[in-house]
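Number of protein chains: 2
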Amino acid sequence: MSVPQFSESTEMYLKAMLEMGNREVVAIGRLAERLGVTPVSANEMIRRLGEQGLVAHTPYKGVALTERGHEVARDVMRRQRLWEVFLYEHLKIEWAKIYELACSLEHATAPEVTEALAEFLGNPKTCPRGNPIPAADGSFRPLDGVPLSAAEVGATVRVLAVNATATDVLKHLQERNLLPGAVVTIVEAAPLQGPLTLRVDGREVALGLSLAEFVIVKSNPTQ
Amino acid sequence: MSVPQFSESTEMYLKAMLEMGNREVVAIGRLAERLGVTPVSANEMIRRLGEQGLVAHTPYKGVALTERGHEVARDVMRRQRLWEVFLYEHLKIEWAKIYELACSLEHATAPEVTEALAEFLGNPKTCPRGNPIPAADGSFRPLDGVPLSAAEVGATVRVLAVNATATDVLKHLQERNLLPGAVVTIVEAAPLQGPLTLRVDGREVALGLSLAEFVIVKSNPTQ
DNA sequence: TGGAATAATAAGGTCGGCCATAAGATTATC
DNA sequence: GATAATCTTATGGCCGACCTTATTATTCCA
């Protein structure tokens, strides 16, 4: 009770935009897809968010977070990733489930709880999926990696983070050892948007391109 | 995301009924008051809860939890009080605020998080306000104390629990040292529903009757 | 026993966030 | 430059949970 400065829905839209493009313009269609709503609904919602000064919408071009919206989104993401750390490190909850479970908690978390939690956790810098946690002062430096789907064939790269949010996708990646820290060689890229063939921990695995988008890697790993 | 089997509103109604009367009949007017809604709204909601088999409403008599409703309410209360323990013991959050903050979190807590949290906390039996935490198997024994407002003048009693939920009320009681474990002598009860005069920790304090309702004491304390 | 207080019901309204359908605007591509 | 794909806007509808106002029913108590 009491907490919500912004509605859960508002927070989800803003966080999705931050996750998808930081400050960049995002197509409303993509956003709708990610949030599981129709494009029409997303359009309506974006109009409301625009009226509140949280996003800037350029018709037919896309939508971007305003400074204010970016601030709120960082705060939501901070809460979310702190809860991920707690769920994984302290409650020993299954890695693939923590995003979804933390996502519920984030909207019910008052500022003083967020900061006390951060303190309790020792002010972690990254969540268990490898993503950076925005700091209390709002500073936030996104990872500078590239999606595995964009890495060169033949290259050996290190997984920095996993960007996925759906539990089943996370489970799928975990089963293939595609976790932060993993060292991966891109053996082959099948034509026609076909799957990648990878070597992970000496094992060959196939990975669809759309899944490979979720795996953020560093092109020249420190070996 | 995902969690809510029952709406937040449903959970609040059921929990309030459990807090107010366990399985007993509660007047809809009282319930509405506690939840901060109009009696008309509470009536509507009780009808809906009745249709779902969670409560049994006898017109002009009041409403009581069904077995099913009692079960759900116990679960909500369990989540709530476990979070209270976490917020107080681990996050070091101010005692008077934990009810309200835990209340937000309770509705966003999936079963596996509840149980992992209980484990993490060492399966506590009571919350920081002294109230028992329903067990995972559903067993729940309410306190057998009486409200301080019903204690005899001259008696010396021990505070078992504080039943209040509003932060300002909790703060008020805390400032007067009326916390679980405190030993209190009822010095005087003013006439016409006037305040009680108490001796707490050697200090004389006045306490309005409606506030004294929130303080649950054991009549013959183990000294 | 007759009011006062309380409870219940009815009717109509608001708000947020979603839906479908349909029509029009723009952009991208061949 | 035409057509397909995408985006936007409009209209109307739904649901949950609340609101007000008004009417009727019941209970309690002096």
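Going line by line, the protein sequences match chains A and B. Per numbering that gives the first Met the number 0, residue 0 is the first one in the first sequence, and the count goes up by one each step. Per numbering that gives the first Met the number 0, residue 0 is the first one in the second sequence, and the count goes up by one each step. In this text, a Cβ means the ideal position worked out from N, Cα and C, and glycines have one as well. Predicted model only: the values in this text are computed from it and were never measured.
Asked	Found
Determine whether the Cβ of A:His89 lies closer than 8 Å to any Cβ atom of chain B.	yes
Enumerate, from N- to C-terminal direction, the unbroken beta strand (DSSP E) stretches of 3 or more residues contained entirely within the stretch 9-97 of chain B.	54-57 and 61-64
Quick one: is B:Gln4 buried, meaning 16 or more other Cβ sit within 10 Å of its Cβ, or exposed?	exposed
Could you tell me how far apart the beta carbons of A:Ala82 and A:Ala101 are, in whole angstroms, since I believe they sit closer than 8 Å?	Strictly speaking, residue 82 of chain A in this sequence is Trp, with Ala absent from that position. That pair is a contact at about 4 Å.
For A:Leu45 versus A:Leu142, is the C-beta distance shorter than 8 Å?	Looking at the sequence itself, residue 45 of chain A is Ile, so the reference to Leu does not match. Cβ distance not < 8 Å, so A:Ile45 and A:Leu142 don't count as in contact.
When you compare each of B:His171, B:Leu208 and B:Asn176 to B:Glu187 by their alpha carbons, which one comes out closest?	B:Leu208
In whole angstroms, give me the CA-to-CA distance for B:Arg80 and B:Val25.	22 Å
Exposed or buried, A:Arg78, counting other C-beta atoms within 10 Å across all chains shown (16 or more means buried)?	buried
Using a beta-carbon distance below 8 Å, is A:Ser103 in contact with chain B?	yes
Smallest Cα separation from A:Tyr87: which of B:Glu203, B:Arg29 and B:Ala115?	B:Ala115
Contact defined as beta carbons within less than 8 Å: I believe B:Glu126 pairs with B:Val84. What is the distance between those atoms, to the nearest angstrom?	Note that residue 126 of chain B is Cys in the sequence shown here, rather than Glu. Yes, they are in contact, since the Cβ atoms of B:Cys126 and B:Val84 sit about 6 Å apart, within 8 Å.
For A:Pro141, which of helix, strand or coil comes out of DSSP?	coil
Look at the Cβ atom of B:Val145, then the Cβ atom of B:Val183, and state whether they are nearer than 8 Å.	no
Rounding to the nearest angstrom, what Cα-Cα distance links B:Phe213 and A:Pro58 in this structure?	57 Å
With A:Glu114 as the anchor, note down where its alpha helix (DSSP H) starts and where it stops.	Pro110 to Leu120
If we cut at 8 Å on Cβ distances, does A:Ile92 have a partner in chain B?	yes
Count the C-beta pairs between the stretch 87-96 of chain B and the stretch 159-177 of chain B that are closer than 8 Å, then say yes if the count reaches three, no if not.	yes
Hey, how far is the Cα of A:Lys14 from the Cα of A:Pro133?	12 Å
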